[in-house]
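**Q**
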Amino acid sequence: MTPQICLYEDKRFRQFFPATYIRPVFSLRSGIAPIYKRVERHWPQAEMALVVREQLSVTYAHTHPDYPVNIIKKGNGGILFLNGRIRDFGDLPEQINQARISTRFVNGDQTVALFLDAKHSESLPSVFTPGAFVNAVEEHAEMIVQRDT
Numbered sequence: 001m002t003p004q005i006c007l008y009e010d011k012r013f014r015q016f017f018p019a020t021y022i023r024p025v026f027s028l029r030s031g032i033a034p035i036y037k038r039v040e041r042h043w044p045q046a047e048m049a050l051v052v053r054e055q056l057s058v059t060y061a062h063t064h065p066d067y068p069v070n071i072i073k074k075g076n077g078g079i080l081f082l083n084g085r086i087r088d089f090g091d092l093p094e095q096i097n098q099a100r101i102s103t104r105f106v107n108g109d110q111t112v113a114l115f116l117d118a119k120h121s122e123s124l125p126s127v128f129t130p131g132a133f134v135n136a137v138e139e140h141a142e143m144i145v146q147r148d149t
């Protein structure tokens with residue numbers, strides 16, 4: 001089962017200023033490759049969507065035509081929302097691949113990833129924007145299992 005991956009940047013992108021003024025945090029290089037390319041190594045079969053700030057969306061979509069930008073398509077294997085600030089994945093890919101139910105992966109007080117299984121993602125339209133994602137998570141928040149990473 002391969003989930004649809006949605007790589008997003010949260011409100012803490014400002015911690016990376018000035019490097020993130022003109023690019024999302026997951027475009028920063030961590031070693032030889034940008035963070036979003038490292039995600040592809042962990043889930044090579046998955047389709048990936050990128051969620052960026054509105055002011056970057058047009059430019060980023062133009063420079064990265066291989067990825068849907070701010071458009072998330074629902075797949076059969078669930079949807080994985082992955083925080084774009086992650087540099088060291090550790091055992092997170094194994095934990096996510098073992099998740100069979102909707103799970104929120106946290107490190108301290110920060111959400112690292114959120115896996116929505118098919119049941120919890122059925123209320124989402126087949127193609128949706130980041131705002132619809134926030135509504136779906138709030139709607140099912142008390143039913144989603146939380147797991148420390």
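Counting from 1, one number per residue, gives the positions in the sequence shown under the numbering used here.
Every residue, glycine too, gets a C-beta built ideally from N, C-alpha and C.
None of these values were measured; they are calculated from a predicted model.
1. Given a threshold of 16 other Cβ atoms within 10 Å of its Cβ, counted over all protein chains shown, does alanine 19 qualify as buried or as exposed?
2. Is any heavy atom of the ligand MG found at a distance shorter than 7 Å from the C-beta of isoleucine 71?
3. Could you check if glycine 33 is buried or exposed, using at least 16 other CB atoms within 10 Å of its CB as the buried criterion?
4. So what does glycine 19 bridge to, in DSSP terms?
5. Can cysteine 6 and leucine 92 be called in contact, C-beta distance under 8 Å?
6. Give me whichever residues DSSP pairs with serine 30 in a beta bridge.
7. Where does isoleucine 96 fall in DSSP's three states?
8. Exposed or buried, what is arginine 29 when buried is set at 16 or more other beta-carbons lying within 10 Å of its beta-carbon?
9. Using 8 Å as the cut-off, can you tell me whether the stretch 109-123 makes contact with the stretch 53-68, which would need three or more C-beta pairs spanning the two stretches below that distance?
10. Along the chain, which unbroken stretches of the beta strand (DSSP E) at least 3 residues long are found entirely within the stretch 100-125?
11. Whole angstroms is fine: what's the gap from arginine 12's alpha carbon to threonine 111's?
12. Check the C-beta distance from valine 25 over to glycine 84 and give it rounded, since I have them as a contact under 8 Å.
13. Along the chain, where does the beta strand (DSSP E) that runs through valine 51 open and close?
14. According to DSSP, is phenylalanine 13 helix, strand or coil?
**A** Result, derived from the coordinates:
1. exposed
2. Ligands in the displayed structure: none, and consequently the ligand MG is not present.
3. Here residue 33 is alanine; the residue named in the question, glycine, does not match the sequence. By the neighbour-count rule (16 or more Cβ atoms within 10 Å), alanine 33 is not buried but exposed.
4. Inspection of the sequence shows that residue 19 is occupied by alanine rather than by glycine. Bridge partners of alanine 19: none, in fact.
5. Contact: no.
6. Ala33
7. helix
8. exposed
9. no
10. 103-107 and 110-116
11. Taking C-alpha positions only, arginine 12 is separated from threonine 111 by approximately 11 Å.
12. 5 Å
13. 48-51
14. Of the three classes helix, strand and coil, the one that applies to phenylalanine 13 here is helix, per DSSP.
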